[in-house]
Amino acid sequence: MSETIEVKAQQDFWKRLVSGTPVRAVAEIVSNAFDADSNLITIVVKRNALGAISRLLFTDDGSGIPYANNEHLFSQLGNSWKLKATRSHQKQRLLQGRNGEGRFRALSLGEIVTWQTTYKDGDEYKSYNITASHETLGLFQVSDVAISRQKSTGTIVSIDNIFQRAEWFFTKERSNELARVFAPYLNKYRAVSVVYDDQQIDVTKIVSASSEARLGPYTLSSGKKVQADLEIIEWNMALGEHCICVTRRALHYRSARLKSERQDSISEHILRALTSASSRTAHWPTWIWKRA
77 MSETIEVKAQ QDFWKRLVSG TPVRAVAEIV SNAFDADSNL ITIVVKRNAL GAISRLLFTD
137 DGSGIPYANN EHLFSQLGNS WKLKATRSHQ KQRLLQGRNG EGRFRALSLG EIVTWQTTYK
197 DGDEYKSYNI TASHETLGLF QVSDVAISRQ KSTGTIVSID NIFQRAEWFF TKERSNELAR
257 VFAPYLNKYR AVSVVYDDQQ IDVTKIVSAS SEARLGPYTL SSGKKVQADL EIIEWNMALG
317 EHCICVTRRA LHYRSARLKS ERQDSISEHI LRALTSASSR TAHWPTWIWK RA
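Numbers given in this note's numbering equal positions in the sequence shown, counted from 1, plus 76.
Written as structure tokens, this is what we have:
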């Protein structure tokens, strides 16, 4: 029978998630599709007769959201299975998410969010829906599970009653910005495609070259020896002034004038950040060195 899942969290947590930027919400929804081993993710922007956005649809062909009788995945805030894994279940791709918070950011785009998902259970395909409302943050309505007529897995995230603060983001020209967001993943996994508003995101237009290098082994403060991969991406456009910044998933190096003789000093920054960040997490991030 249908049920209601309550995700308990402080109100400031929900306020932080639902007040996030549209690009962050889109990135999180698509990243969940990546982690479900999707090969095709489609973002459809539905507009009414006046041109206003009436609905957003995110469709993927991933493995779906399995239904568990004991504890549903949506209830596992801060205890995501991704905390103990570094790669996806089926295709062993590098995971993008970690804490299980990303799915909730969809509520920053509109008042009502519905996940229609189909997964495989043994030889059967099963489907059910999850619905969330901005008015009842933390409560998720889960429908009954039914045998699916659809003999393929995947998830459709539909968002209705789009907020005005989010509507401005979804223009035709936004595909270029999304290309920059997803470029590291799409460049690494060329079998994956993201289509935004009928335009396939083409990272070959913004990535001129890429390569990988193995770093280490290095000894952490705990005595553990580790290695990491450095992914170097050369961009076709300027990304701003020189800086080095560490994020949860990547270290970004940006400079308008990067010369080969500076690589050693940059590597030192990378290694210091690697030792600091990796000693606090079970995940190995993808280290990305960006240059104009």
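All C-beta atoms, glycine included, are put in the ideal place defined by N, C-alpha and C.
(message) Between the region 80-97 and the region 111-119, can you find at least three pairs of beta-carbon atoms closer than 8 Å?
(response) The way I'd put it, the region 111-119 doesn't touch the region 80-97; fewer than three beta-carbon pairs between them come closer than 8 Å.
(message) I need the boundaries of the beta strand (DSSP E) containing Phe-89, first residue and last residue.
(response) Segment 87-94 is the alpha helix (DSSP H) holding Phe-89; no beta strand (DSSP E) there.
(request) Evaluate Leu-280 with the Cβ neighbour count: other Cβ atoms within 10 Å of its Cβ, from every protein chain shown; 16 or more gives buried, anything less gives exposed. (result) One point to set straight first is that residue 280 is Thr, not Leu, in the sequence displayed. Its Cβ having fewer than 16 others within 10 Å, Thr-280 is exposed.
(request) Please list the segments of the beta strand (DSSP E) lying wholly inside the region 169-236, counting only runs of 3 or more residues, in order along the chain. (result) Annotation note: the region 169-236 contains the following uninterrupted beta strand (DSSP E) runs of length 3 or greater, listed N- to C-terminal: 186-197, 200-209 and 215-218.
(message) On the DSSP letters alone, give me the boundaries of the alpha helix (DSSP H) that Lys-264 sits inside.
(response) Start and end: 251-264.
(request) Assign Ala-255 to buried or exposed, taking buried as 16 or more other Cβ atoms, counted over all protein chains shown, within 10 Å of its Cβ. (result) With 16 or more other Cβ atoms from the protein chains shown falling within 10 Å of its own Cβ, Ala-255 counts as buried.
(message) Taking DSSP's pairing of strands, which residues face Val-120 in a bridge?
(response) Paired residue(s): Leu-133.
(request) Would you please state the rounded distance, in angstroms, between the beta carbons of Phe-258 and Ile-277? I believe it to be under 8 Å. (result) Cβ-Cβ separation between Phe-258 and Ile-277: approximately 6 Å, consistent with a contact (criterion under 8 Å).
(request) Please work out which residues of its chain come closer than 6 Å, Cβ to Cβ, to Lys-286, disregarding the five sequence neighbours upstream and downstream, and give them in chain order. (result) As written in the sequence, residue 286 is Ser, which differs from the Lys given in the question. Excluding positions up to five away in sequence, the list reads Asn-263 and Ile-309.
(request) Determine the DSSP secondary structure at Lys-301, reduced to helix, strand or coil. (result) Correct three-state label for Lys-301: strand.
(request) Determine the burial state of Pro-98: buried for a count of at least 16 other Cβ atoms within 10 Å of its Cβ, exposed for fewer. (result) Answer is buried; the Cβ neighbour count reaches 16.
(request) Would you mind stating whether Tyr-201 and Ser-164 have Cβ atoms separated by less than 7 Å? (result) Not a contact, by the Cβ cut-off of 7 Å.
(message) Let's see if you can read the secondary structure: which residues bound the beta strand (DSSP E) around Ala-289?
(response) Per DSSP, Ala-289 belongs to the beta strand (DSSP E) from 283-295.
(message) With DSSP as the reference, identify every bridge partner of Gln-275, one or two as the case may be.
(response) Gln-275 has Tyr-272 as its beta-bridge partners, per DSSP.
(message) Do Phe-134 and Val-233 count as a contact pair if the criterion is CB distance below 7 Å?
(response) It is a contact, given that the beta carbons lie within the stated cut-off.
(request) Using 10 angstroms around the beta-carbon of Pro-293, count the other beta-carbons present and answer buried if the total reaches 16, otherwise exposed. (result) Burial is judged here by how many other beta carbons sit within 10 angstroms of a residue's own beta carbon; Pro-293 has fewer than 16 and is exposed.
(message) Considering only DSSP beta bridges, list what Thr-80 is partnered with.
(response) According to DSSP, Thr-80 bridges with Gln-217.
(request) Below 6 Å CB to CB, which residues in the same chain sit around Leu-213 once its five sequence neighbours on both sides are set aside? (result) Excluding positions up to five away in sequence, the list reads Trp-90.
(request) May I ask which residues mark the beginning and end of the alpha helix (DSSP H) holding Phe-110? (result) Start and end: 98-111.
(request) May I ask which residues mark the beginning and end of the alpha helix (DSSP H) holding Arg-163? (result) For Arg-163, no alpha helix (DSSP H) segment is defined, and its DSSP state is neither H nor E.
(request) Identify which residue in Ser-139, Ser-184 and Leu-185 has its Cα closest to the Cα of Thr-166. (result) Thr is not the amino acid found at residue 166; the sequence shown has Gln there. Ranked by Cα distance from Gln-166, the options Ser-139, Ser-184 and Leu-185 are led by Ser-139.
(message) Using the Cβ count rule (16 or more neighbours within 10 Å means buried), how would you classify Ala-289?
(response) Exposed, because fewer than 16 other Cβ atoms sit within 10 Å of the Cβ of Ala-289.
(request) Just tell me which of Arg-241, Gly-299, Val-283 and Ala-222 has its CA closest to the CA of Thr-194. (result) From the listed residues Arg-241, Gly-299, Val-283 and Ala-222, the smallest Cα separation to Thr-194 is found for Ala-222.
(message) With the cut-off set at 7 Å, would you say Leu-185 and Ala-101 are in Cβ contact?
(response) Their beta carbons are under 7 Å apart, which means Leu-185 touches Ala-101 by this criterion.
(message) Just to confirm the assignment, what range does the alpha helix (DSSP H) spanning Ala-242 have?
(response) Looking at the DSSP string, the run of the alpha helix (DSSP H) that includes Ala-242 is 240-243.
(request) Leaving aside the five residues before and after Thr-207 along the sequence, list all residues of the same chain whose C-beta is less than 6 Å from its C-beta, in chain order. (result) Closer than 6 Å at Cβ, skipping near neighbours: Thr-190 and Gln-217.
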